[in-house]
């Protein structure tokens, strides 16, 4: 179309249309409905011809479904510097070109990539931005034509698919529905108008475009005129009649400029429709003016509400972000610090578990105490009754009698009897150690900490789990150390030693008698040997009841935690920070999505604030 057609458009309208285009380009439409014009029509309604006349470019044509993806058509009138330029974008692709004859092939290529070759449809948006001195300032979204009967391999539910896609756009209160209806059909039967009426029963945001006025039957002119003049199916935004190029004119290569002149001549010479020119209800020029003004008015009306919606979204997004753990910074220095803090947090958790200050899931020390209690119970159950010494012990006593006369004690007898009973505890002690390692009490707790601290970072998680596997080997080594320490403990127990006050206190508790240290020699009697043995064995039991759990806790828990901590700290040396902090979890994805949405809302609020 030539520049004269659009010379009447006010320069003030472009900023409002650019605003919505900008909001859409940053993705606001993914969260909030934006003011727009959606173009719908039955197949062969002339929808493509109308869009061609408005845009000045040839769009894909043919039989069946031609528009197979929503096509956002951004028309930008430029006054200088550009003869004609277009940008086609979809997904992450963007193509710039200056030859208008390439539009059709580029759109077809995009649709084939998105919807597949053939007749399938797709709801992904294709954007075509056209900059030229000869277009109007307008943005439209062209939707697939409504197919009633599947043909040429179309899916059986093609009509439902298309209607579902169209409804997603036209049901939004922010959308102006531009319904294209041919004059030579019964308007009441057109699916496009029915769909518009369902979502906009009062016709507040629907504009009707009547096409093909040259194909109506004689005698129906008055009926069509009543429709255009809003008497039959009233629409708040009314109707406009247009006459675009027909297939014959396209075949004859009649240009759009010539078609516009032919259109005006048609209405000027038409005895019934001539009046529509004076009412601005006919020609593409009037349509362009009406659509642009409707869109701008709609945008102005929608901005306050849109601004409030963005404010609420920003508030909600910030709240949602608070519920997500802080993610790694994007800058290398900040990311390295974050990695260090993450690993130190893990180490602190491991240390807290090893000291009993942190409880995750089942209480680690609670589980250990249960096993240690079993050990304490075993010790108490294994206490011999020295007051009823067996014949074997008495014989043993006589065997070890020296040159002393009757009535004199033999200390060697005490040692042998005590050593024999203490030695019976060594196997149960080692069994306790095996139970602690075999049930993986410590490993399970450390694994829980790993999953909690690194759940959002799969690489760190894998590395740490490998370290957890190493702990099985580490604990085997630690078990050997503990076994050696237990053997040393039992070797020390063969020495039969305790401090005098400790022994005296135990002996008093056993005999229930009160005596001083100087009176101890009076106990050197055969009848008192059982009590003296029992008093010492009580000390052994108490010593073993505490020391063995302490050994196991030291070697199997505290030292294991230290080794794991040292191993994790080594990750910081020459670490690939971005790799270690790569997030592939639901929380990470949610956080990234929230940040993206927050940023586009922030941009949206900034842009809108200039208009309010």
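In my numbering, the protein residues as written are 2 to 613.
Beta carbons: idealized from backbone N, C-alpha and C, even for Gly.
Of all C-beta pairs linking the segment 589-602 to the segment 311-320, three or more are shorter than 8 Å, placing the two stretches in contact.
About 6 Å separates the Cβ atoms of residue 122 and residue 166, confirming a contact at the 8 Å cut-off.
Residue pairing for residue 87: DSSP places it in a beta bridge opposite 98 and 131. For residue 182, the enclosing beta strand (DSSP E) begins and ends at 176-183.
With 16 or more neighbouring CB atoms inside 10 Å of its own CB, residue 446 falls in the buried class. The straight-line gap separating the alpha-carbon atoms of residue 429 and residue 532 is approximately 25 Å. About 7 Å separates the CB atoms of residue 274 and residue 242; that is less than 8 Å, so the two are in contact. Assignment of beta-bridge partners to residue 212 by DSSP yields 183.
Counting C-beta pairs closer than 8 Å gives fewer than three between the segment 566-573 and the segment 412-430, which falls short of the contact rule. Between residue 61 and residue 108, the C-beta gap is smaller than 7 Å, which places the two residues in contact. Taken through DSSP and simplified to helix, strand or coil, residue 221 comes out as coil. With fewer than 16 other Cβ atoms inside 10 Å of its own Cβ, residue 249 counts as exposed. Annotation: the continuous alpha helix (DSSP H) that includes residue 506 extends over 501-512. Within the model, the alpha-carbon separation for residue 194 versus residue 583 is close to 51 Å. As DSSP reads the structure, residue 283 sits in a beta bridge with 242.
In this structure, residue 59 places its C-beta atom within 7 Å of the C-beta atom of residue 105.
A residue is called buried when at least 16 other Cβ atoms come within 10 angstroms of its Cβ; residue 516 does not meet this threshold and is exposed.
CA-to-CA, the gap between residue 82 and residue 259 works out to about 25 Å. Contact annotation, residue 542 with residue 381: C-beta distance approximately 7 Å; criterion of less than 8 Å satisfied.
Secondary structure at residue 460: helix, using DSSP grouped into helix, strand and coil.
Taking the Cα positions, residue 342 is about 58 Å away from residue 102. Taken through DSSP and simplified to helix, strand or coil, residue 485 comes out as helix.
At the C-beta level, residue 27 and residue 179 stay beyond 7 Å of one another. Counting C-beta atoms within 10 angstroms of its own C-beta, residue 412 has fewer than 16 neighbours from the protein chains shown and is therefore classed as exposed.
The continuous beta strand (DSSP E) containing residue 142 extends over residues 139-143.
Under the 10 Å beta carbon count, residue 197 is surrounded by 16 or more other beta carbons and is classified as buried. Spanning the alpha carbons of residue 251 and residue 213 requires a straight line of approximately 15 Å. Sequence-distant partners of residue 141 (beyond 5 residues in either direction) whose C-beta falls short of 6 Å from its own C-beta, in its chain, are 38, 40 and 74.
The Cβ neighbour count for residue 261, taken over all protein chains shown within 10 Å, is at least 16; the residue is labelled buried. For residue 531, the enclosing alpha helix (DSSP H) covers residues 530-553.
Non-local C-beta neighbours of residue 368 in its own chain, meaning closer than 7 Å and more than five positions away in sequence, comprise 442, ordered along the chain.
In the structure shown, residue 51 adopts helical secondary structure according to DSSP, grouped into three states. No Cβ-Cβ contact shorter than 7 Å links residue 169 with residue 160. Non-local beta-carbon contacts of residue 115 in its own chain, meaning distances under 6 Å to residues more than five positions away in sequence, involve 70, 123 and 125 in chain order. Annotation for residue 42: the continuous beta strand (DSSP E) segment containing it runs 37-42.
Assigned with DSSP and collapsed to three states, residue 78 falls in strand.
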